[in-house]
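K.L.:
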């Protein structure tokens, strides 16, 4: 029997404030993109009118400092102050966030490759292998949780203990994300989702009302929206496409 979904949900006032703060930062630095008239296509095959570019955070010193401060506070509150012994970033977008978070937590940091580098020890993990250590897997975002499987398996195969993953942004709409990680006994921690971005958009007119309405329709039924715009229509299709792309 599958384990129940594991998720770090925004249940406290602090979590809610942190989510809206992160969403406002992403909007301010123009990391948020709405394009209902020309949907984005993800590697998994999902069609989406929204796209988040968390890599933009690395360019803005004050924004990234605040994001990383919130990340560490989130992890401390939901995983525990002494629960993490090492941090591992997923290649490539997770590497800078893993470095900044590890620095604030005063723990070692490594990173996990998508594929072995093909020479030397043919390593998947760079830095040092955290054998027997409680390791936090860090990436910038997740849509359906599939990429976390590859990185977590690589770390576990090397001897690390991986029960927590952190992302700045979680799409929070596509099916199967929590179940994917729950089956591996991994709790996903994130700062904000698309619902938080919509909430933050109430403060300022970042986007036209028509675009916001279409995004809301997508969030309310992303599978149907994807299918209606030429994308896939199930989590099973997403898994199959990602597996084929990584083969």
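In our numbering, the protein residues as written are 314 to 560. Glycine included, each C-beta is placed from N, C-alpha and C at the ideal position.
Among 446, 468, 456, whose alpha-carbon lies nearest the alpha-carbon of residue 437?
P.N.:
Nearest C-alpha to residue 437: 468.
K.L.:
Below 6 Å CB to CB, which residues in the same chain sit around residue 443 once its five sequence neighbours on both sides are set aside?
P.N.:
Contacts found: 399, 473.
K.L.:
Just mark residue 534 as buried or exposed, buried being the case when its beta carbon has 16 or more other beta carbons within 10 Å.
P.N.:
Label assigned to residue 534: exposed.
K.L.:
Does the beta-carbon of residue 317 have 16 or more other beta-carbons within 10 angstroms, so that it is buried, or is it exposed?
P.N.:
In this prediction, residue 317 has a pLDDT of 34, which is less than 50 and means its spatial position is unreliable; what the coordinates show is noted afterwards. With fewer than 16 Cβ atoms within 10 Å of its Cβ, residue 317 is classed as exposed.
K.L.:
On the three-state DSSP scale, how would you describe residue 390?
P.N.:
Helix.
K.L.:
For residue 365, write down the residues that DSSP places opposite it in a beta bridge.
P.N.:
DSSP output for residue 365 lists 345 as bridge partner(s).
K.L.:
To the nearest angstrom, report how far apart residue 396 and residue 425 are at their CA atoms.
P.N.:
Each residue's Cα considered, the two are about 20 Å apart.
K.L.:
Report all residues from its chain with a CB closer than 6 Å to the CB of residue 342; omit the five preceding and five following residues, and keep chain order.
P.N.:
Same-chain partners within the cutoff: 369, 373, 376.
K.L.:
Just to confirm, are residue 483 and residue 453 a CB contact at a threshold of 8 Å?
P.N.:
No; because the gap between Cβ atoms is not below 8 Å, this pair is not in contact.
K.L.:
Could you check which residue in 389, 390, 463, 456 has the C-alpha nearest to that of residue 536?
P.N.:
Measuring from the Cα of residue 536, the nearest candidate turns out to be 456.
K.L.:
Contact defined as beta carbons within less than 8 Å: I believe residue 371 pairs with residue 335. What is the distance between those atoms, to the nearest angstrom?
P.N.:
Not really, about 15 Å apart at Cβ, beyond 8 Å.
K.L.:
Is it the case that the Cβ atoms of residue 464 and residue 403 are separated by a distance below 8 Å?
P.N.:
Yes, they are a contact pair.
K.L.:
Can you tell which of 337, 478, 407, 545 has its C-alpha closest to the C-alpha of residue 447?
P.N.:
Selected option, being the one with the closest Cα: 478.
K.L.:
Of the choices 481, 327, 524, 459, whose alpha-carbon is the least far from that of residue 549?
P.N.:
It is 459 whose Cα lies nearest to the Cα of residue 549.
K.L.:
Quick one: Cα of residue 319 to Cα of residue 497, how far?
P.N.:
With a pLDDT of only 46 at residue 319, under the threshold of 50, the placement of this residue in the model should not be trusted, and no figure is reported.
K.L.:
Do residue 358 and residue 485 have their beta-carbon atoms positioned less than 8 Å apart in this structure?
P.N.:
For residue 485 and residue 358, no; Cβs fall outside 8 Å.
K.L.:
With 16 as the cutoff for other CB atoms within 10 Å, does residue 445 come out buried or exposed?
P.N.:
Label assigned to residue 445: exposed.
K.L.:
If I measure Cβ to Cβ from residue 530 and keep anything under 7 Å in the same chain, skipping five residues before and after, which residues do I get?
P.N.:
For residue 530, where only same-chain residues beyond five positions count, the Cβ hits under 7 Å are 538.
K.L.:
Assign residue 347 to buried or exposed, taking buried as 16 or more other Cβ atoms, counted over all protein chains shown, within 10 Å of its Cβ.
P.N.:
With 16 or more other Cβ atoms within 10 Å, it is buried.
K.L.:
Assuming contact is defined by CB atoms lying nearer than 8 Å, are residue 505 and residue 332 in contact in what I supplied?
P.N.:
Cβ distance < 8 Å, so residue 505 and residue 332 count as in contact.
K.L.:
Among 328, 518, 382, which one has its Cα closest to the Cα of residue 417?
P.N.:
The shortest C-alpha separation from residue 417 is found at 382.
K.L.:
Quick one: residues in its chain with C-beta nearer than 6 Å to the C-beta of residue 405, no 5 flanking neighbours on either side, listed in chain order?
P.N.:
Taken in chain order, the list of residues that qualify is empty.
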